[in-house]
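Trainee: First residue of the sequence shown: 9, per my numbering; consecutive thereafter.
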Amino acid sequence: MPFEKEQLDPDELETITMHKILETTTFFQRAVYLGELSHDQDVVEYIMNQPNVVPRINSRILTAEREYLDLTANNNFFVDDYARFSVLDSEGKTAALANSMSYLTKKDDSFIRPVTFWIVGDFDSPSGRQLLYDAIKHQASILDFILCRVF
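#1: In the structure shown, what three-state DSSP assignment does Y111 receive?
#2: Measure the CB-CB distance between T102 and L79 and report whether it falls below 9 Å.
#3: Just verifying my parser: in three-state terms, what is the DSSP assignment at V61?
#4: Closest to F131 by CA distance: which of Y76, C156, Q15 and L21 is it?
#5: Could you check what DSSP says for I29 in three-state terms: helix, strand or coil?
#6: Starting from I127, trace the beta strand (DSSP E) both ways and give me its first and last residue.
#7: Can you check whether the CB of F36 is closer than 9 Å to the CB of L30?
#8: Can you tell me whether A143 is buried or exposed? The criterion is at least 16 other CB atoms within 10 Å of its CB, across all chains shown.
#9: Once you ignore the five residues that flank A106 on each side, which residues in its own chain have a CB closer than 8 Å to its CB?
#10: Would you list the one or two residues that DSSP bridges to F169?
#11: May I ask you to report which of helix, strand or coil DSSP gives A81?
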């Protein structure tokens with residue numbers, strides 16, 4: 009259960025957390041009492057079968073197989089040279105993409121920002137430029153992340 013901003017007050021956090029735990033515990037206790045959930049059942053499966061959980065998204069979230077992007081390759085190619093880029097293998101294309109990225113951060117970069125947002129788009133189109141503009145505007149207001157432009 010997500011917390012709302014006003015619930016994150018340090019003085020009230022413990023009380024609110026206990027209240028949310030009690031609310032959730034009641035849900036599971038009721039399911040056990042009614043025989044809908046037993047000790048040999050998968051609790052995640054039970055939750056996913058609830059009517060308030062959207063099933064079409066669950067398969068994407070809970071897939072057993074994960075695909076990772078290998079960012080360990082290194083080369084001197086860029087994505088703007090399409091003839092060369094098209095013949096590269098997957099790792100080479102990833103390295104060329106990494107070489108073509110441009111990072112945006114505030115000038116007074118005196119501390120490490122823990123989050124990097126990758127903005128992927130066609131920045132030659134109006135919608136792509138609008139996306140980049142909105143991301144830059146958001147970065148200026150939040151100030152705690154690095155923006156990476158991927159094209």
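For glycine and all other residues, C-beta sits at the position ideal for the given N, C-alpha and C.
Mentor: Based on what the coordinates show:
#1: Indexing the sequence shown from 1 puts residue 111 at position 103. Correct three-state label for Y111: strand.
#2: Here residue 102 refers to the residue found at position 94 of the sequence shown. Here residue 79 refers to the residue found at position 71 of the sequence shown. Cβ distance < 9 Å, so T102 and L79 count as in contact.
#3: In the sequence shown, the residue the question calls residue 61 occupies position 53. It is coil, neither helix nor strand.
#4: For the purposes of this step, residue 131 is taken as the residue at position 123 of the sequence shown. Out of Y76, C156, Q15 and L21, C156 has the C-alpha closest to the C-alpha of F131.
#5: In the sequence shown, counting from the first residue as 1, residue 29 sits at position 21. It is helical.
#6: For the purposes of this step, residue 127 is identified with residue 119 of the sequence shown, where counting begins at 1. V123 to V128 is the extent of the beta strand (DSSP E) around I127.
#7: If you number the sequence shown from 1, residue 30 lands on position 22. If you number the sequence shown from 1, residue 36 lands on position 28. Not a contact, by the Cβ cut-off of 9 Å.
#8: Position 135 of the sequence shown, counted from the start, is the residue given in the question as residue 143. Classification of A143: buried, given that the 10 Å Cβ count is 16 or more.
#9: One-based indexing of the sequence shown puts residue 106 at position 98. Annotation for A106: L79 place their beta carbon closer than 8 Å to its own, counting only its chain and skipping 5 residues before and after.
#10: Residue coverage of the chain in this structure runs from 9 to 159, which leaves residue 169 outside it and unanswerable.
#11: For the purposes of this step, residue 81 is identified with residue 73 of the sequence shown, where counting begins at 1. It is coil, neither helix nor strand.
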